[in-house]
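Only one structure is covered here, and it is reproduced in the block below.
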Amino acid sequence: MATPLARVRGLGSARRGTETFWRQRMTAVANVPLVLFLILSIVTHIGASYEEVHAYLARPLVALALLALVVSAAIHMRIGLKEIIEDYVHGGAKVTAILLATFFAAGVGLASIVAILKIGLGS
Amino acid sequence: MGNAKMGAERPLSPHLQIYRPMLTMMMSIAHRVSGASLAIGFLLLAWWLLAISLGPEPYAQVSGFFGSIAGRTLLFLFSWALIHHMLGGIRHLIWDTGHGLDKVSIEIFAWATIIGSTTLTVLLWVVGYWLQGAF
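Taken in order, these protein sequences are the chains called A and B. Letter by letter, the first sequence follows residues 168 to 290 in the numbering used here. Letter by letter, the second sequence follows residues 458 to 592 in the numbering used here.
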């Protein structure tokens with residue numbers, strides 16, 4: 168369906184048009200139980216000692232759920248931020264903003280992964 | 458999309474400032490604002506996890522911040538944004554199936570999201586304080 172111009176610009180029917188839409192929905196569905204788990208984990212550990220919190224987060228299933236959450240949330244956040252930027256920022260600033268949003272999502276996601284692995288694997 | 462040839466004086470479609478504010482419009486904006494603000498919430502989560510991985514002293518610092526009035530206020534707002542964005546997202550997932558797009562349903566969904574997110578957030582904090590033995 169794409170015109171030659173749209174095809175050159177990477178727009179239109181490149182057979183990947185719904186990929187981002189679908190990824191945003193998949194991560195949204197995954198985020199619901201994972202976020203509820205995070206909220207429950209936090210609420211049940213208010214005022215807990217360092218050792219208690221550390222031991223809880225080191226449990227394999229807890230670490231697994233948190234890893235799934237930060238990966239899913241980072242992907243979801245990157246798509247969402249990019250969508251907002253594309254609507255309101257234009258020209259060169261748009262490219263810079265999307266780069267920063269991507270680095271931010273990757274940064275907080277990877278930092279969280281490193282922390283969870285360090286807690287889970289000990290030391 | 459704006460290059461010189463394509464960007465010639467073309468009529469623009471009506472945008473936000475043209476319309477009288479409506480609840481469903483505000484909910485759309487709230488979904489974006491809550492989603493964007495959760496980026497800062499994610500940063501706080503990463504900070505919390507890193508502090509725990511680094512040891513008792515960094516954890517004491519992060520706990521001290523989250524326990525302060527400013528920290529609690531921030532956490533309250535983020536928990537509200539999180540729950541609001543989640544309910545708003547579920548509303549979007551229902552719409553994706555093609556259901557609930559009529560005028561009555563969208564108003565019901567809007568109110569359900571506002572009342573639901575506020576109620577659940579307050580309930581969450583009441584339970585949190587109750588578990589701490591505040592009352």
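All residues carry an ideal CB built from backbone N, CA and C; glycine is no exception. Quick caveat: nothing in here was measured; it's all calculated off a predicted structure.
Assigned exposure category for residue i - 16 Cβ within 10 Å defines buried
| i | result |
| --- | --- |
| L479/B | Checking the sequence, you will find Met at residue 479/B rather than Leu. Classification of M479/B: exposed, given that the 10 Å Cβ count is below 16. |
| M535/B | In the sequence on display, residue 535/B carries Phe and not Met. Its Cβ being crowded by 16 or more others within 10 Å, F535/B is buried. |
| I572/B | exposed |
| V275/A | buried |
| F499/B | buried |
| I486/B | exposed |
| T570/B | buried |
| L588/B | exposed |
Alpha helix (DSSP H) segment containing residue i, residue limits
| i | result |
| --- | --- |
| S239/A | 227-255 |
| L480/B | 480-511 |
| R586/B | The sequence as given places Tyr at residue 586/B; Arg does not occur at that position. Run containing Y586/B: 560-588, per the alpha helix (DSSP H) assignment. |
| A195/A | 186-210 |
| G287/A | 259-288 |
| L534/B | 526-553 |
Cβ shell of residue i (< 6 Å), same chain only, five flanking positions each side left out
| i | result |
| --- | --- |
| L233/A | I283 |
| A230/A | I283, G287 |
| M458/B | Here the model assigns M458/B a pLDDT of 48, short of 50, so the residue's position is not dependable and the matter cannot be decided. |
| Q492/B | The question names Gln, but residue 492/B is Gly in the sequence shown. Excluding sequence neighbours, G492/B sits near H542. |
| S574/B | I540, H541, L544 |
| A225/A | I286, G287 |
| S279/A | V237 |
| M484/B | A567 |
Own chain, CB closer than 8 Å to residue i, minus 5 neighbours either side, in chain order
| i | result |
| --- | --- |
| Y586/B | F592 |
| A272/A | A241, I242, M244, R245, L248 |
| E253/A | K261, I265 |
| F522/B | G528 |
| A195/A | H243 |
Chain-order list of residues whose beta-carbon lies under 7 Å from that of residue i (same chain, five-residue window excluded)
| i | result |
| --- | --- |
| S201/A | As written in the sequence, residue 201/A is Leu, which differs from the Ser given in the question. So the qualifying residues of the chain are A232, A235, L236, S239. |
| G258/A | none |
### Query
Looking at chain B, which residues of the segment 239-262 of chain A have a Cβ within less than 7 Å of any of its Cβ atoms?
A240, M244, G247, L248, I251, H257
### Task
May I ask you to list, following chain order, the residues of the segment 277-289 of chain A that have a beta carbon less than 8 Å from some beta carbon of chain B?
A278, S279, V281, A282, I283, K285, I286
### Query
For the segment 484-511 of chain B, which residues have a CB atom closer than 9 Å to at least one CB atom of chain A, in sequence order?
R489, G492, A493, L495, A496, F499, L500, L502, A503, W504, W505, L506, L507, A508, I509, S510, L511
#### Entry: Cβ-based contacts, 7 Å cut-off: residues of the segment 216-230 of chain A near chain B
Y217, V220, H221, L224
### Task
With 8 Å as the limit, tell me which residues of the segment 542-573 of chain B have their beta carbon closer than that to any beta carbon of chain A; keep them in chain order.
M543, G546, I547, H549, L550, D553
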